[in-house]
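Enquirer:
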Ligand SMILES: [Zn+2]
Ligand SMILES: [Zn+2]
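What follows is the structure, given as structure tokens:
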């Protein structure tokens, strides 16, 4: 089982390396994810800040600071792809879909969702087998 994952943006200008195991992996239904990314819920892998490093193309990245929340969205200024976002705990949140695209459309099993969380804040209900946490 690998404990390093390498992903790159659509244009290849920026590479990320993810090290170790994510702290959380699952579907997040919180309003912060909705607000920052304009999505109904987020498929996340959440990492400590030092587990995610930009291994190529740091000058090609831009951080968008949310106007009121302690959150940022980091994206490639060449292709516009979101690389990760940060939350108030300074974790780095990498989309499962972004990783999956870099692994021939197959998310590594050890990064797959284990649960839905902040499910009481949802705007979309999900009918699947995963646990639903408030
Ligand atoms: Zn790019
Ligand atoms: Zn969230």
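Numbering (this note's numbering), first residue to last: 1378 to 1511. For glycine and all other residues, C-beta sits at the position ideal for the given N, C-alpha and C.
#1: If you count every other CB in all the chains shown that lies within 10 Å of the CB of residue 1501, and 16 or more means buried, which is it?
#2: Counting along the chain, where does the alpha helix (DSSP H) carrying residue 1395 start and finish?
#3: Roughly how many angstroms separate the alpha carbons of residue 1476 and residue 1450, rounded to a whole number?
#4: Cβ of residue 1404 within 7 Å of any heavy atom in ligand 2?
#5: For residue 1465, name the three-state secondary structure that DSSP assigns.
#6: Which of the three DSSP states, helix, strand or coil, is assigned to residue 1410?
#7: Evaluate contact between the region 1394-1407 and the region 1490-1504, counting only Cβ atoms and requiring at least three cross-stretch pairs below 8 Å.
#8: Please determine whether the Cβ atom of residue 1441 lies at a distance below 7 Å from any heavy atom of ligand 2.
#9: Taking C-alpha atoms, which residue in 1396, 1415, 1432 lies nearest to residue 1443?
#10: Mind pulling the beta strand (DSSP E) runs of 3 or more residues that sit fully within the region 1434-1482?
Expert: Taking the geometry as given:
#1: Numbered from its first residue, the chain shown carries residue 1501 at position 124. Exposed.
#2: Counting from 1 along the chain shown, the entry for residue 1395 is found at position 18. It is not in any alpha helix (DSSP H) - residue 1395 instead sits in the beta strand (DSSP E) that spans 1392-1396.
#3: Along the chain shown, one-based indexing puts residue 1476 at 99. Along the chain shown, one-based indexing puts residue 1450 at 73. Whole-angstrom Cα-Cα distance: 16 Å.
#4: For this step, residue 1404 is matched to residue 27 along the chain shown. Not so, every heavy atom of ligand 2 lies at least 7 Å from the Cβ.
#5: Residue numbering aside, residue 1465 sits at position 88 when the chain shown is read from its first letter. DSSP places residue 1465 in coil when its eight states are reduced to three.
#6: As a working note, residue 1410 is residue 33 in the chain shown. In this structure, residue 1410 counts as helix in the three-state DSSP scheme.
#7: yes
#8: Stepping through the chain shown from its first residue, residue 1441 is reached at position 64. Every heavy atom of ligand 2 is 7 Å or more from the Cβ of residue 1441, so no.
#9: Along the chain shown, one-based indexing puts residue 1443 at 66. When each option's Cα is compared against that of residue 1443, the closest is 1415.
#10: 1438-1442, 1449-1453, 1459-1463, 1469-1472
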